[in-house]
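Line by line, the protein sequences are chains A and B.
FYI, the numbering for the first sequence is 1 to 392, going by the working numbering.
FYI, the numbering for the second sequence is 393 to 680, going by the working numbering.
See structure below.
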Amino acid sequence: MSKELIRLRDLCMAFDDEPVLNNINLYINDKEFLTLLGPSGCGKTTTLRIIGGFATPTSGDVLFDGVRINDVPPHKRQINTVFQKYALFPHLNVYENIAFGLRMQRRPDPKDPKRMVKIPNEEIHQRVMEMLEVINLKGFENRKPDALSGGQQQRVAIARALVNRPKVLLLDEPLGALDLKLRKDMQIELKRIQQQVGITFIYVTHDQEEALTMSDTIVVMDKGNIQQIGTPEDIYNEPKNAFVADFIGESNIIDGIMVRDRLVQMYGKQFPCLDGGFGENEPVDVVIRPEDIDIVPVEQGQLAGTVTNVTFKGMQYDIIVDFRGFKWLIQTTDHSPVGARIGIKIDPDGIHIMKKSAYSGMFGDYSSFSEEYDELDDASLVPDEEESGDET
Amino acid sequence: MKRKGTFLSRLFMALVFVFLYAPIALLIIFSFNAGSSNTVWKGFSLDWYGKLFHNRLIMQSVYTTLLVSLLATVIATVAGTFAAIGFYAMRRRVRQPLMTVNNIPMMNADIVTGVSLCLFFVAVFNGWHGFAVWFNQAQRLFILEENLHLGFGTLLIAHIGFNIPYVILSVGPKLRQMDKNLVDAAQDLGCTWMQAFRKVILPEIMPGIVSGALTAFTMSIDDFVISYFTAGSSASTLAMTIYGMTKKRVSPQINAISTLLFLTVLILLAIVNLREARQERLSARRAG
Ligand SMILES: Nc1ncnc2c1ncn2[C@@H]1O[C@H](COP(=O)(O)OP(=O)(O)OP(=O)(O)O)[C@@H](O)[C@H]1O
Ligand SMILES: [Mg+2]
Numbered sequence: 001m002s003k004e005l006i007r008l009r010d011l012c013m014a015f016d017d018e019p020v021l022n023n024i025n026l027y028i029n030d031k032e033f034l035t036l037l038g039p040s041g042c043g044k045t046t047t048l049r050i051i052g053g054f055a056t057p058t059s060g061d062v063l064f065d066g067v068r069i070n071d072v073p074p075h076k077r078q079i080n081t082v083f084q085k086y087a088l089f090p091h092l093n094v095y096e097n098i099a100f101g102l103r104m105q106r107r108p109d110p111k112d113p114k115r116m117v118k119i120p121n122e123e124i125h126q127r128v129m130e131m132l133e134v135i136n137l138k139g140f141e142n143r144k145p146d147a148l149s150g151g152q153q154q155r156v157a158i159a160r161a162l163v164n165r166p167k168v169l170l171l172d173e174p175l176g177a178l179d180l181k182l183r184k185d186m187q188i189e190l191k192r193i194q195q196q197v198g199i200t201f202i203y204v205t206h207d208q209e210e211a212l213t214m215s216d217t218i219v220v221m222d223k224g225n226i227q228q229i230g231t232p233e234d235i236y237n238e239p240k241n242a243f244v245a246d247f248i249g250e251s252n253i254i255d256g257i258m259v260r261d262r263l264v265q266m267y268g269k270q271f272p273c274l275d276g277g278f279g280e281n282e283p284v285d286v287v288i289r290p291e292d293i294d295i296v297p298v299e300q301g302q303l304a305g306t307v308t309n310v311t312f313k314g315m316q317y318d319i320i321v322d323f324r325g326f327k328w329l330i331q332t333t334d335h336s337p338v339g340a341r342i343g344i345k346i347d348p349d350g351i352h353i354m355k356k357s358a359y360s361g362m363f364g365d366y367s368s369f370s371e372e373y374d375e376l377d378d379a380s381l382v383p384d385e386e387e388s389g390d391e392t
Numbered sequence: 393m394k395r396k397g398t399f400l401s402r403l404f405m406a407l408v409f410v411f412l413y414a415p416i417a418l419l420i421i422f423s424f425n426a427g428s429s430n431t432v433w434k435g436f437s438l439d440w441y442g443k444l445f446h447n448r449l450i451m452q453s454v455y456t457t458l459l460v461s462l463l464a465t466v467i468a469t470v471a472g473t474f475a476a477i478g479f480y481a482m483r484r485r486v487r488q489p490l491m492t493v494n495n496i497p498m499m500n501a502d503i504v505t506g507v508s509l510c511l512f513f514v515a516v517f518n519g520w521h522g523f524a525v526w527f528n529q530a531q532r533l534f535i536l537e538e539n540l541h542l543g544f545g546t547l548l549i550a551h552i553g554f555n556i557p558y559v560i561l562s563v564g565p566k567l568r569q570m571d572k573n574l575v576d577a578a579q580d581l582g583c584t585w586m587q588a589f590r591k592v593i594l595p596e597i598m599p600g601i602v603s604g605a606l607t608a609f610t611m612s613i614d615d616f617v618i619s620y621f622t623a624g625s626s627a628s629t630l631a632m633t634i635y636g637m638t639k640k641r642v643s644p645q646i647n648a649i650s651t652l653l654f655l656t657v658l659i660l661l662a663i664v665n666l667r668e669a670r671q672e673r674l675s676a677r678r679a680g
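Rendered as structure tokens:
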């Protein structure tokens, strides 16, 4: 990618002494599509508002092109925002909403560079019409915002920001209010617009799938801390801790022990893997994605368990398998009936090892899938043994 | 049983309305009486209305009333609107008690407000007198007025004071209905705060401001008690003049001027209520 455009340095934010952001360090490149991803209340909007200039950080710096802009008011930043609930001006029609930013702009007169002049009406008209074309809303100029559908309001909000040709566009869950089908269409649409106008997008969402499809870089946040920064592939394949593994996609997270490099022990059995660099016999979290597990006859499997739940998902079956009290999610195209004993095989590249973290033990168990919730304390080291049937 | 019940309750209703409106009806009817009696009908005429317009005292007080009401309305509307915005920007914990403080003057008995304002003005004037005497002795450049009196100025201040809460009360809800991000959005698109206020907040809360102004104007026109205690002897509002006329011989001109006052307030109230009903319909449609 190209050069760095925005940097957040040691950013902290607190409301009434309640910390909301802790030491956020992050840089954003020019023309990058960066996504802030995290559960509700983790501080995504707050981060965006600090970048936009609507909130002042308690400590730390915001740099734009290497210049500290903490104290620059929003109207002087080359940044525009698409707000969480659009915030279109209700008393203005679509045309005037989009033209709003242009009407406010002053720029040096081409004849006399010392004088600041308004943008001429013809140019405003031309640029607004151009934008209406980009967002596919020609003919809607005279509608008031409350006479538009959610998706149309959404697109007007994007046009209203983009027409100013900002260097950076901030988008706060712009697709949150739309139904699934429209979301998918708008995701593609947004990505197209970003590539067409060639500017930086900082995008906020709590939808991991949306983040994976659209982003160049994903920043995973939780409780005001950055958990991981990386490309969608990095984040999915190499999650740093149990929180990220659980939040991005589905994961089985199992307690394990690193016997040595490239060999991990779970359930008292040893599994070859590709990771290394851990201490000998260091306790670790093992992530296994549901689609990386092969179902085989019991005697050929590395582990054996009982199917407790099967859900048909169209493309595949989601089956819950009980391995001595710890329940795994497996995605497979083969049907296995509830109650069946099955064996599983996991390829070395299907196993991802993570260091233990504060999130260890909190995620990655699918017990709540079945109607019978098993209390489990230690499922890791007892050798494989028959499990009493837990028919549902 | 049931029918008797409805009959009784209807009778009761009728009585209530008779007691409420019969005096006003009587007043209006006799304002068109040809004779000067308030009990004997002598035929229809507009004489009393004609006389009204030649009565210097009444015309003067109509002028005072309109002037003080208009000025007080304008000033209270501006001040109240900004106060409402200040309240809105505050945190809930601070705003709630302030709103209560704001509401108390509206509940307060007019006589208490009037008397206390009167005492307050007199106390301030006394203080001023001391200061002015000292100041005038100390130097000869500016000579300050030493004796201030109740009059148009104090009347105006009192009216502004009791009008502001009504404006705050009708602007506040409009602000709270407004999307919080609108101001951010305007600033994001290049507005300073003041420009955002003009271009975005003002159009959004305008209905509330107009309702507030109309209510304030009605309250001002309508007020007697507070004016009575704050206007002193040099200024007299219409209500005060009418009261003064009743102390002497009751001329049917009172009927005429009271009728006009009644109709003015009635029309203003009707406008306020109609506007409110229309806005409720509008916002219901928006929400629905
Ligand atoms: N103005 C404020 N005053 C007090 N607390 C606030 C304020 N704004 C946000 N917070 C708190 O800061 C935390 C983070 O809020 P933020 O809006 O950044 O979350 P978010 O990640 O955008 O969540 P969501 O996905 O629900 O929009 C929350 O706990 C919220 O209650
Ligand atoms: Mg948010």
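We treat Cβ as the ideally placed atom computed from N, Cα and C, and that holds for glycine.
Computed from a prediction, not measured in an experiment: that's the story for all the values here.
Residue i - containing beta strand (DSSP E), residue span
i: A/Ala14; result: Glu4 to Phe15
i: A/Gln227; result: Asn225 to Gly230
i: A/Gly256; result: Asn252 to Arg260
i: B/Met451; result: Where B/Met451 is concerned, there is no enclosing beta strand (DSSP E), although the alpha helix (DSSP H) it sits in stretches over Arg448 to Ala481.
i: A/Leu37; result: Phe33 to Leu37
i: B/Tyr635; result: Taken as a continuous stretch (DSSP letters only), B/Tyr635 belongs to no beta strand (DSSP E), being part of the alpha helix (DSSP H) at Leu630 to Lys639.
i: A/Lys345; result: Arg341 to Ile346
Chain-ordered chain A contacts of residue i [CB-CB under 7 Å]
i: B/Gly582; result: His75, Gly101, Met104 and Gln105
Partners in chain B for residue i, counting only beta-carbon separations shorter than 9 Å
i: A/Phe89; result: Leu574, Ala577, Ala578, Lys591, Val592, Pro595 and Glu596
i: A/Asn423; result: Outside the displayed span of chain A (1 to 392) sits residue 423 of chain A, for which this structure offers no information.
i: A/Asn80; result: Asp580 and Leu581
Element boundaries [alpha helix (DSSP H), containing residue i]
i: B/Gly564; result: Phe544 to Gln569
i: B/Ser603; result: Leu594 to Asp614
i: A/Val121; result: A small correction: the amino acid at residue 121 of chain A is Asn; Val does not occupy that position in the sequence shown. From DSSP, the alpha helix (DSSP H) with A/Asn121 extends over Asn121 to Val134.
i: A/Ile69; result: A/Ile69 -> no alpha helix (DSSP H), and no H or E assigned at all.
i: A/Lys327; result: A/Lys327 -> not in any alpha helix (DSSP H); beta strand (DSSP E) instead, spanning Phe326 to Thr332.
i: A/Asp185; result: Leu180 to Val197
i: B/Asn518; result: Asp502 to Ala530
i: A/Ala159; result: Gly150 to Leu162
i: B/Leu533; result: No alpha helix (DSSP H) holds B/Leu533; DSSP gives it neither H nor E.
i: A/Lys44; result: Lys44 to Gly52
Partner residues on chain B for residue i, Cβ-Cβ distance less than 7 Å
i: A/Gly52; result: Asp580
i: A/Asn70; result: Ordered by position in chain B, no residue passes the 7 Å Cβ test against A/Asn70, which lies about 16 Å from the chain.
Closer than 9 Å at the beta carbon, the chain A residues around residue i
i: B/Asp571; result: Phe83, Lys85, Tyr86, Ala87, Leu88 and Pro90
Per-residue contacts from residue i into chain B (C-beta, under 8 Å)
i: A/Asn164; result: Leu581 and Gly582
Checklist entry - When the Cβ atoms of the region 345 to 356 of chain A are set against those of the region 288 to 301 of chain A, are three or more pairs found closer than 8 Å? => result Flag = yes, the region 345 to 356 of chain A and the region 288 to 301 of chain A touch.
Checklist entry - In chain order, what are the residues with a CB under 7 Å from some non-hydrogen atom of ligand 2? => result Result (chain order): A/Lys44, A/Thr45, A/Gln84, A/Asp172, A/Glu173 and A/Val204.
*Cβ contact (3+ pairs, closer than 8 Å) linking the region 470 to 477 of chain B and the region 555 to 562 of chain B*: Below 8 Å, enough C-beta pairs join the region 470 to 477 of chain B and the region 555 to 562 of chain B to call them touching: three or more.
Point to revise | Validate contact between the region 203 to 217 of chain A and the region 33 to 44 of chain A using beta carbons, cut 8 Å, 3 pairs | key: Three or more pairs of CB atoms, one per stretch, sit closer than 8 Å, so the region 203 to 217 of chain A contacts the region 33 to 44 of chain A.
ask   = What residues in the region 135 to 155 of chain A bring their beta carbon closer than 7 Å to a beta carbon of chain B?
value = For the region 135 to 155 of chain A, the residues whose beta carbon sits under 7 Å from a beta carbon of chain B are, in order, Asp146.
- Query: Using 8 Å as the threshold, is the region 584 to 601 of chain B in touch with the region 641 to 659 of chain B, meaning 3 or more CB pairs across them?
  - Reply: Result no; under three Cβ-Cβ pairs closer than 8 Å.
Along the region 114 to 132 of chain A, what residues have a CB closer than 7 Å to any CB found in chain B? For chain B, none of the residues of the region 114 to 132 of chain A brings a beta carbon within less than 7 Å of one of its beta carbons.
Subject >> Residues of the region 240 to 252 of chain A whose Cβ lies closer than 8 Å to any Cβ of chain B, in chain order >> reply: Near chain B, meaning a CB-to-CB distance below 8 Å, no residue of the region 240 to 252 of chain A qualifies.
Count the CB pairs spanning the region 159 to 178 of chain A and the region 77 to 85 of chain A that are closer than 8 Å, and state whether there are at least three.
Yes: the two stretches touch, three or more of their Cβ pairs being nearer than 8 Å.
Original post:
Can you find at least 3 beta carbon pairs, one from the region 209 to 221 of chain A and one from the region 322 to 330 of chain A, that sit closer than 8 Å?
Top reply: Because the criterion of three Cβ pairs below 8 Å is not met, the region 209 to 221 of chain A and the region 322 to 330 of chain A do not touch.
Note to self: For the pair the region 536 to 555 of chain B and the region 605 to 624 of chain B, tell me if three or more CB-CB distances fall below 8 Å.
What the structure shows: The count of Cβ pairs closer than 8 Å, one atom from the region 536 to 555 of chain B and one from the region 605 to 624 of chain B, reaches three, so the stretches are in contact.
Open item on the list: Would the region 561 to 578 of chain B count as touching the region 474 to 486 of chain B if we require 3 or more Cβ pairs under 8 Å?
Closed with: With three or more CB-CB distances shorter than 8 Å, the region 561 to 578 of chain B counts as touching the region 474 to 486 of chain B.
- Query: Any contact of the region 350 to 360 of chain A with the region 276 to 290 of chain A, i.e. 3+ C-beta pairs under 8 Å?
  - Reply: Yes, they touch.
Three-pair Cβ contact test at 8 Å for the region 148 to 155 of chain A versus the region 129 to 139 of chain A | Verdict: yes, contact present.
Quick check: the region 83 to 94 of chain A against the region 591 to 604 of chain B, are at least 3 beta-carbon pairs closer than 8 Å? Yes, the region 591 to 604 of chain B is in contact with the region 83 to 94 of chain A.
Does the region 539 to 546 of chain B touch the region 61 to 75 of chain A, meaning 3 or more C-beta pairs lie closer than 8 Å? Below 8 Å, too few C-beta pairs join the region 61 to 75 of chain A and the region 539 to 546 of chain B to call them touching: fewer than three.
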